[in-house]
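K.L.:
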Amino acid sequence: MGELKVDKHVQYILSVEKKKDSFEALVMEHLRMNGAYWGLTTLDLLQNVASVDQEEVISWLMSCWDRESGGFAGTIGLDPHLLYTLSAVQILALLNRFDVLDIEMISEYVAGLQNEDGSFSGDMWGEIDTRFSYCAIFCLSILHCLDKINVGKAVNYILSCKNLDGGFGATPGGESHAGQIFCCVGALSITGSLHHVDRDLLGWWLCERQCPDGGLNGRPEKLADVCYSWWVLSSLIMIDRVHWIDKSKLTEYILNCQDSENGGISDRPDNAVDVFHTYFGVAGLSLMEYPGLKPIDPAYALPIDVVNRIFFSKF
Ligand SMILES: [Zn+2]
């Protein structure tokens, strides 16, 4: 089995950052905030976050903050959305810079997106998805503001999206999908509600995601893809069933998706690399305790030392 090309991946992430003048260049225009989170978290897991100009990141990030609503946009000048607000909060948690946040305004923005049935809209336009429940619960938890929403209703809404196969969908009746399961199990974990999950049933569905090539897919009949290493494994860890996966085969699959010359990880062997799959590949290896990587928290998707600093030190 090959080994993780740590130096190459660090160089790859930094090179993507420098393609334009600033950190903004990480990925597609509207997803820049997500790209910044994927890139920075990867660097931190590889023990190299110090190689980034943090002041530059913070100054760009704060220029994506919408003072009127309190939410963050994906890049400068666009409308705020919960998905980008989550990434911004994750980046500031990682860099230990909550001091630049107006926590009151941001938590009001997030709490204001909760609907009467307990669900969350992603933004003012109202699309509802259990992904947004995770984003909201994550942000409010890490900012110590969960009391601003009706947690019981939020949990009940997520449970209303649970399927007979043990998985979860985007809305009630929606098909089970590994990404959605991560969001629902993560939100239930953060709110201390995992007792509502049938661990054996869900664990079985998740383990069925391992393909003959060792990689994991997102739902039945699909090809394996490195990004599901994160969504499936983190969910299995949260419900204490990760030992049902063949970790060495999955490790080999992820390592086979590396570009060992120029760095970066792709969705499948020999495909083009991107920051998204580089992050999920490294995060998956971290969940499997690959040597030399910082351990990552399966619910918060941040290095465990960051989560511990936030919850076990005075805020
Ligand atoms: Zn993918």
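Start counting the sequence shown at 1375; every next residue gets the next number (the numbering used here). Where is the CB? At the ideal position from N, CA and C, for every residue including glycine.
1) By DSSP, does L1667 sit in helix, in strand, or in coil?
2) Output the boundary residues of the alpha helix (DSSP H) element that contains K1696.
3) Comparing the CB of F1556 with every heavy atom of ligand 1, is any distance shorter than 8 Å?
4) Does the distance between the C-beta of H1551 and the nearest non-hydrogen atom of ligand 1 fall short of 8 Å?
5) Measure the C-alpha to C-alpha separation of D1381 and A1673 and round it to an integer number of angstroms.
6) Going by other Cβ atoms of all chains shown within 10 Å of its Cβ, with 16 needed for buried, is L1659 buried or exposed?
7) For V1681, which residues of its own chain have a beta-carbon under 6 Å away from its beta-carbon, when the five flanking residues on both sides are left out?
8) Is Q1584 near I1619, with beta carbons less than 9 Å apart?
9) Among N1470, D1503, L1568, which one has its Cα closest to the Cα of D1491?
10) Does the beta-carbon of I1555 have 16 or more other beta-carbons within 10 angstroms, so that it is buried, or is it exposed?
11) Could you check what DSSP says for V1384 in three-state terms: helix, strand or coil?
12) Grab the span of the alpha helix (DSSP H) containing V1426 for me, first residue to last.
13) Tell me the DSSP bridge mates of A1447?
14) So what's D1679 in DSSP terms, helix, strand or just coil?
15) Count the other CB atoms within 10 Å of the CB of H1383; is the residue buried (16 or more) or exposed (fewer)?
16) So, do the stretch 1646-1664 and the stretch 1596-1611 have three or more beta carbon pairs nearer to each other than 8 Å?
17) What residue range does the alpha helix (DSSP H) around E1549 cover?
18) So is V1647 buried or exposed if we call it buried at 16+ other beta carbons inside 10 Å?
19) What is the rounded straight-line gap between the Cα of C1535 and the Cα of P1665?
20) Are A1485 and I1450 closer than 9 Å when you measure CB to CB?
21) Ordered along the chain, which non-local residues of its own chain (more than five positions away) have a Cβ less than 6 Å from that of L1575?
22) Check whether the Cβ atoms of G1444 and M1407 sit closer than 9 Å, and answer yes or no.
23) With ligand 1 as the reference, list in chain order each residue whose Cβ lies under 5 Å from any of its heavy atoms.
24) Can you tell which of D1476, A1544, N1537, D1587 has the C-alpha that lies nearest to the C-alpha of V1571?
P.N.:
For this structure:
1) coil
2) For residue 1696 there is no data in the structure shown, the boundaries of the chain being 1375 and 1689.
3) no
4) no
5) 27 Å
6) buried
7) D1671, Y1674
8) yes
9) D1503
10) buried
11) helix
12) Here V1426 belongs to no alpha helix (DSSP H), and DSSP marks it neither H nor E.
13) P1454
14) helix
15) buried
16) yes
17) Here E1549 belongs to no alpha helix (DSSP H), and DSSP marks it neither H nor E.
18) buried
19) 37 Å
20) no
21) G1540
22) no
23) D1599, C1601, D1641
24) N1537
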